[in-house]
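Numbering (UniProt numbering), first residue to last: 1 to 217.
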């Protein structure tokens with residue numbers, strides 16, 4: 001449910017002729033209340049138009065660009081100084097999903113004396129870590145997603161339907177249902193029930209103490 005929504009949100013952003021350019025977990029938020037299962041994209045401070053909204057003329061290919069975004073999740077082409085386009089947002093989502101699944105990425109925690117040196121080391125590790133290694137132990141759809149997004153050319157329009165379908169079919173194959181209940185939803189329910197149970201226990205103990213005080217009086 002999460003992967004498909006994240007792709008759909010970025011697809012909508014792209015439909016407005018804009019690329020986000022800063023894919024990271026912090027920029028995907030969940031709604032509250034009745035919209036608690038909705039994914040939202042925030043922080044468009046680094047966003048940029050990748051085409052003319054009227055003519056749909058794509059921006060030109062450029063090299064020698066400085067890194068824009070968050071190094072941990074940005075695309076390989078961004079590390080290489082290539083102008084970003086739609087493909088880069090989607091590759092970034094792939095790294096976010098792997099981070100969610102593993103809890104870390106192979107290029108985390110690398111030591112360096114300067115920010116530039118750290119970016120260079122992250123880039124090298126990202127380029128030399130095979131997709132199959134990065135996605136080892138997880139369904140083939142994750143490797144398929146990353147291989148597809150990395151194969152896109154600069155001006156290519158991504159096949160968003162294909163990418164969403166990858167995860168929708170995986171979701172169904174694994175026996176899940178669209179109930180809008182995420183792992184953290186269950187955790188929150190469990191914590192609330194535990195808190196209620198604890199409160200009821202405290203109330204019973206208080207009532208017991210009051211009865212004992214009355215009897216002693």
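Ideal placement from N, C-alpha and C gives every residue a C-beta, glycine not left out.
Residues that DSSP places opposite residue 28 in a beta bridge: 41
Where residue 173 sits in the DSSP three-state scheme: helix
Would you mind stating whether residue 46 and residue 64 have Cβ atoms separated by less than 8 Å? no
Integer Cβ distance of residue 39 from residue 90, believed to fall under 8 Å: Actually they are not in contact, since the Cβ atoms of residue 39 and residue 90 sit about 15 Å apart, beyond 8 Å.
Assuming residue 154 contacts residue 73 under a Cβ cut-off of 8 Å, what Cβ separation, rounded to an integer in Å, is found between them? Residue 154 to residue 73, Cβ: 20 Å. No contact.
In whole angstroms, what is the alpha-carbon distance linking residue 214 and residue 36? Confidence at residue 214 is low in this model, with a pLDDT of 47, below 50, so its placement is unreliable and the value that follows should be read with caution. Their Cα atoms are separated by approximately 48 Å.
For residue 107, is the classification buried or exposed, using 16 other Cβ atoms within 10 angstroms of its Cβ as the cut-off for buried? buried
Answer yes or no: do residue 119 and residue 80 have a C-beta to C-beta separation smaller than 8 Å? no
On a Cα-Cα basis, can you pick out the residue from 25, 100, 59, 5 that is closest to residue 18? 59
DSSP state of residue 72, grouped into three classes? coil
Apply the 10 Å Cβ neighbour rule to residue 145 and answer buried if 16 or more other Cβ atoms are within range, or exposed otherwise. buried
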